[in-house]
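Counting with this note's numbering, you get residues 331 to 503 for the letters of the sequence shown. We put the beta carbon where it would ideally sit given N, CA and C, even for glycine. Remember, it's a predicted structure, so these values are computed and weren't measured experimentally. This report concerns only the one structure given below.
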Amino acid sequence: MTDSAARVGIVMGSDSDWPVMRAAGEILDEFGVAWEADVVSAHRMPEEMIAWGKDAAGRGIKVIVAGAGGAAHLPGMLASVTPLPVIGVPVPLKYLDGMDSLLSIVQMPGGIPVAAVAIGNAKNAGILAARILATADDDLQHKLVAYQESLSEMARAKGKVVRDAQKPRKTGF
Numbered sequence: 331m332t333d334s335a336a337r338v339g340i341v342m343g344s345d346s347d348w349p350v351m352r353a354a355g356e357i358l359d360e361f362g363v364a365w366e367a368d369v370v371s372a373h374r375m376p377e378e379m380i381a382w383g384k385d386a387a388g389r390g391i392k393v394i395v396a397g398a399g400g401a402a403h404l405p406g407m408l409a410s411v412t413p414l415p416v417i418g419v420p421v422p423l424k425y426l427d428g429m430d431s432l433l434s435i436v437q438m439p440g441g442i443p444v445a446a447v448a449i450g451n452a453k454n455a456g457i458l459a460a461r462i463l464a465t466a467d468d469d470l471q472h473k474l475v476a477y478q479e480s481l482s483e484m485a486r487a488k489g490k491v492v493r494d495a496q497k498p499r500k501t502g503f
């Protein structure tokens, strides 16, 4: 649901991060939350990245979801130039399986907070962004409650499958 009225900005350091990061946009679409996505590399285009972060609130962005692999500076650098909440998504790379990214994202200095989700879990970043927005949006809050209820129903169905698989067995001697 990308458009000019985006409330969530999804950014990443490279288009190679998009296969992971698109999940944030997909779940935001399910909740009807407008978003935009772009590449704003902290290392390859630092001036554009800083301008994007400084201008985000003025464009109507309320939450930033920033994916980063390797050194993973993007979420923290954006958090240092914006008053908006930033959610970091550690993107797993060929080496170290994203642990390096996770540690870079969560080890922010005092005063520059960045929320973090599990390695590769942009879907949870999208849900967290929606929850942040829902603090001031009752309709979105109701959608999130319905989503949580659907998760409960799925879990109950899985429990039924397990319980049904335990049919009484004859124990004969």
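(request) Would you mind sorting Glu366 into buried or exposed? The rule is 16 or more other CB atoms within 10 Å of its CB. (result) Here residue 366 refers to the residue found at position 36 when the sequence shown is read from its first residue. Buried, since its Cβ has 16 or more Cβ neighbours within 10 Å.
(message) If you measure between the beta carbons of Ala396 and Gly418, is that distance less than 8 Å?
(response) Sequence index remark: in the sequence shown, residue 396 carries index 66 (1-based). Sequence index remark: in the sequence shown, residue 418 carries index 88 (1-based). For Ala396 and Gly418, yes; Cβs fall inside 8 Å.
(request) Return the first residue and the last residue of the beta strand (DSSP E) that Ala367 is part of. (result) Translated into positions along the sequence shown, residue 367 becomes position 37. First-last of the beta strand (DSSP E) with Ala367: 365-369.
(request) Could you pull out every residue in the same chain whose Cβ sits closer than 7 Å to the Cβ of Gly400, ignoring the five residues on either side in sequence? (result) Position 70 of the sequence shown, counted from the first residue, corresponds to residue 400. Closer than 7 Å at the Cβ level, and outside the excluded window around Gly400, lie Leu423, Asp430, Ser431.
(request) Give the DSSP-derived three-state secondary structure of Met379 in the structure shown. (result) What you label residue 379 is simply residue 49 of the sequence shown in a count that begins at 1. Here Met379 sits in helix by DSSP.
(request) Determine the DSSP secondary structure at Gly440, reduced to helix, strand or coil. (result) As a first step, residue 440 is located in the sequence shown; it is residue number 110 there, counting from the start. Looking at Gly440 - three-state DSSP - the assignment turns out to be coil, as it is neither helix nor strand.
(request) Closer than 7 Å by C-beta to Val444: which residues in its own chain qualify, once you throw out the five before and the five after it? Chain order, please. (result) For this step, residue 444 is matched to residue 114 along the sequence shown. The residues are Pro405, Gly406, Ala409, Val416, Gly418, Ile435, Met438.
(request) Please check the pair Ala336 and Ile380, which I expect to be a contact at CB under 8 Å, by giving their CB distance rounded to whole angstroms. (result) As a working note, residue 336 is residue 6 in the sequence shown. As a working note, residue 380 is residue 50 in the sequence shown. Contact doesn't hold; Cβ gap of about 19 Å is too wide.
(request) For Val447, name the three-state secondary structure that DSSP assigns. (result) Residue 447 sits at position 117 when you count from the first residue of the sequence shown. Of the three classes helix, strand and coil, the one that applies to Val447 here is coil, per DSSP.
(request) Can you say whether His403 is buried or exposed, counting buried as having 16 or more other CB atoms within 10 angstroms of its CB? (result) To locate residue 403, count along the sequence shown from 1; it is residue 73. Buried.
(message) Assuming Pro420 is part of the beta strand (DSSP E), what are its boundary residues?
(response) As a first step, residue 420 is located in the sequence shown; it is residue number 90 there, counting from the start. 416-420 is the span of the beta strand (DSSP E), which, as asked, contains Pro420.
(message) Tell me which residues share the same chain as Trp348 and place their Cβ nearer than 7 Å to its Cβ, disregarding the 5 neighbours each side in the sequence.
(response) The count along the sequence shown starts at 1 and reaches residue 348 at position 18. Excluding residues within five positions, the ones whose Cβ falls inside 7 Å are Met342.
(request) Determine the DSSP secondary structure at Ile391, reduced to helix, strand or coil. (result) One-based indexing of the sequence shown puts residue 391 at position 61. The answer is coil: DSSP assigns Ile391 none of H, G, I, E or B.
(message) Since Ala459 and Val338 should fall inside the 8 Å C-beta cutoff, what is the C-beta to C-beta distance between them, to a whole number of angstroms?
(response) If you number the sequence shown from 1, residue 459 lands on position 129. If you number the sequence shown from 1, residue 338 lands on position 8. With a Cβ gap of about 5 Å, Ala459 and Val338 count as contacting.
(request) Please report how far the alpha carbon of Gly456 lies from the alpha carbon of Leu470, in whole angstroms. (result) Within the sequence shown, residue 456 is the residue found at index 126, counting from 1. Within the sequence shown, residue 470 is the residue found at index 140, counting from 1. Rounded to whole angstroms, Gly456 to Leu470 spans 13 Å at the Cα level.
(message) Pro420 and Ala387 - do their beta-carbons sit closer together than 8 Å?
(response) Counted from its first residue, the sequence shown places residue 387 at position 57. Counted from its first residue, the sequence shown places residue 420 at position 90. Result no, Cβ atoms of Ala387 and Pro420 do not sit closer than 8 Å.
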